[in-house]
Structure formats: C-alpha cells, structure tokens
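Under my numbering, read the sequence shown as residues 1126 to 1405, first letter to last. Glycine residues also receive a C-beta, built at the ideal position from the N, C-alpha and C atoms. Just below is one structure, and these are the notes that go with it.
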Amino acid sequence: MQKNLLQEIVNAFGLKLFVLRLDLIHAVAGGNKLFKLKYNLQKAHEENCDTLLTFGGAFSNHIAATALAGKENGFKTIGIIRGEKVLPLNKTLQFATSCGMQLEFVSRLYYKELRLLPEKIISSLNNKPEAINRKFYVLPEGGSNQLAEKGCAEIVDEIKIPFDYICVAVGTGTTLKGIALALKPYQKAIGISVVNDLSLFNNLQTATCQLQTGYTFGGYAKTNQVLIDFIKKFNAENNFGIEPVYTGKLFYAVFDLIEKGFFEKEKTVVVVHTGGLQYL
Ligand SMILES: *Cc1c(COP(=O)(O)O)cnc(C)c1O
C-alpha cells in the first residue's frame, strides 16, 4: 500500500491513540478481507484454478472482497449466499454483481450443509454448461484459513511508527492471529470479540495476543442503546465512521479499557479499522 493509512485520533489520557484506516483501501471491499485473500489468490493461481467459490451472508464483506479480488486478478467468482434473494440487492451484493460475481442464493439449512461440503455445490454447478471444465478454488466462509492469517500479518506493515498495542475486532479471530504473528515480543495484540464464541478464547490467548470477551453486546450483530449512542456520538465527532457489528464494539471497548487504565501511560495504541461501513 502506498498511502499512509495511519491517523491520530487522540493524544490524551497519557496515551497516543491511532486508527489504521484499512477502510480507506476500497470504498466497499476495503478492510481486512483483501489481506485474508492475498495468499489464497496466489495458491489459486498456482493450482491453475479459474474460479473462486465462496460463502457468505447477504452483507458479507468477504463476498464483496472476493468479487473485487476475482475481477482484479482474472478469476471468475461464485458466491453462495445464505438465505433468500431479496430485491433490490443490497449495496454489498450489488457491488459483487458489478464485479461479475455469480450469486447463488440457498436456504439457510442448505447453506449450512454446503459450507461443509463444497463438493456438492461444485458438482451441481458442473452440470451447467457454462461451468463445465472449470477449476474451482474454494474459500471458506469469511475467507478464514491459514493462508488468510499469513496475509493478515501484513496489516502490521502498514503501521510505519513504533507502537505498543494493536486492537482489532474479532469474528473468527483469523485477523487477530495473523497480526499477532507479526508482532515483536514487546508488542501486544488485543482482540475485541464481537461474537459469543468461547471456543475462540483458548485459541487466541498467547504471549503476544489477548482476547477481550466482555464487549459482545449479546452476540454477533446484537446491539443496545448504549452502543448505538456511543457510535452516533463517535461518528459526529470524527471524520470517519464506525458501525455496530464490528468497529463500533471495537472502539467502545478501547475507550472503556482506556478509562479502566488497561493500557500503561505513555504507550502507543493502534486501533485497526477493518471496514464494514455498509452495516451503518
Ligand atoms: C470479517 C470482519 C472482521 C473479523 O475478522 P476475523 O478475521 O473473522 O476475525 C472484523 N471487521 C470487519 C469489518 C469484518 O468484515
């Protein structure tokens, strides 16, 4: 990346607080998801695949990012979308379609099955004349795999200043894990969980990595008035936006942790803005 994505937000409470604006990378598909795709795209090329096949909900940032990455890197793309088709398509799916992604809407139940058994959808797609002889590269839901971690480690390269803490919202934890891989021993990654999934916890508790589970607001995409009011105030006071699913909970947590004295004085804290503004 050429641009400086680092923006100072406050220099107060004895701390320096910066935001890493990954949302600036692309208006719709910006954020962490393109980092997750980087090495998967490389592997898809190596395996001579011509089509990226992946899964997501109707608002999935991963779907948008896969559609864009496919278009820019010469892959056809197919998105298996959870739930019924709703017209007009929302901004995420309109964008995916405009990148040439083929969308296949499936029931929630069938989606669950397909997610675990992608061969099934491939064999049904292979019956369609336009799909014959395609070579598929299957990306898991959210694009989360080990190659995605390797890509997310490169998020840290975008921070051109010394820092002590890096904070990021956690869905599957892939981004947090990747970031933690790139840290020096004196640095620490703090993950703010936005889902109620305790299985993440053991996985994400390491020397350079810590998971905070007290800011889920009831679970994925759940909110309350306190969170909504915080986001409204934040968005009125800053020249960039946060939303209720990921970055709103992240910033709420960071300010709460600051107030509680979690970060030592004189430290530099970088908060990663992972995009997702279509949730606003
Ligand atoms: C997917 C996503 C995350 C979470 O990434 P994980 O690697 O699944 O933890 C955070 N923020 C936004 C905006 C996302 O779209």
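Bounds of the alpha helix (DSSP H) holding Gln-1219 are 1216-1223.
If you draw a straight line from the Cα of Gly-1386 to the Cα of Lys-1347, it comes to about 27 Å. Ile-1203 has its alpha-carbon roughly 11 Å from the corresponding atom of Asp-1175.
For Cys-1277, the three-state secondary structure derived from DSSP is helix. With contact defined as three or more Cβ pairs closer than 8 Å, the stretch 1303-1314 and the stretch 1267-1280 are in contact. Per the C-alpha coordinates, the member of Phe-1380, Lys-1390 and Tyr-1404 positioned closest to Val-1396 is Phe-1380.
Proximity to Gly-1400 across Phe-1342, Asn-1186 and Lys-1309 peaks at Asn-1186, based on C-alpha coordinates. Close CB contacts of Phe-1180 within its chain, under the 6 Å cut and outside five residues either way in sequence, are with Ile-1205, Arg-1240 and Glu-1266 (chain order). Secondary structure in the stretch 1135-1172: the beta strand (DSSP E) runs of 3 residues or longer, each lying completely within the stretch, are 1140-1146 in chain order.
Per DSSP, the continuous beta strand (DSSP E) segment holding Ile-1206 begins and ends at 1201-1207. Exclusion of Ala-1307 from the 7 Å shell around ligand 1 follows from its C-beta lying no nearer than that to any non-hydrogen atom of the ligand.
With a threshold of 16 other beta carbon atoms within 10 Å, Val-1263 meets it and is buried. DSSP assignment within the stretch 1246-1317 yields the following whole beta strand (DSSP E) runs of 3 residues or more, N-terminal first: 1261-1263 and 1290-1295. Between Gly-1298 and Leu-1325, the C-beta gap is smaller than 8 Å, which places the two residues in contact.
DSSP places Phe-1180 in the uninterrupted beta strand (DSSP E) bounded by 1176-1181. In the structure shown, Phe-1359 adopts helical secondary structure according to DSSP, grouped into three states. In this chain, the alpha helix (DSSP H) harbouring Val-1379 covers 1372-1384.
Put simply, the backbone Cα of Val-1293 is about 42 Å away from that of Asn-1252.
Annotation for Glu-1229: the continuous beta strand (DSSP E) segment containing it runs 1227-1231. By the Cβ-count criterion, Lys-1158 is buried, with 16 or more other Cβ atoms from all chains shown falling within 10 Å of its own Cβ.
Taking C-alpha positions only, Lys-1309 is separated from Ile-1286 by approximately 13 Å. Across the structure, Gly-1208 and Phe-1355 are spaced so that their CA atoms are roughly 31 Å apart.
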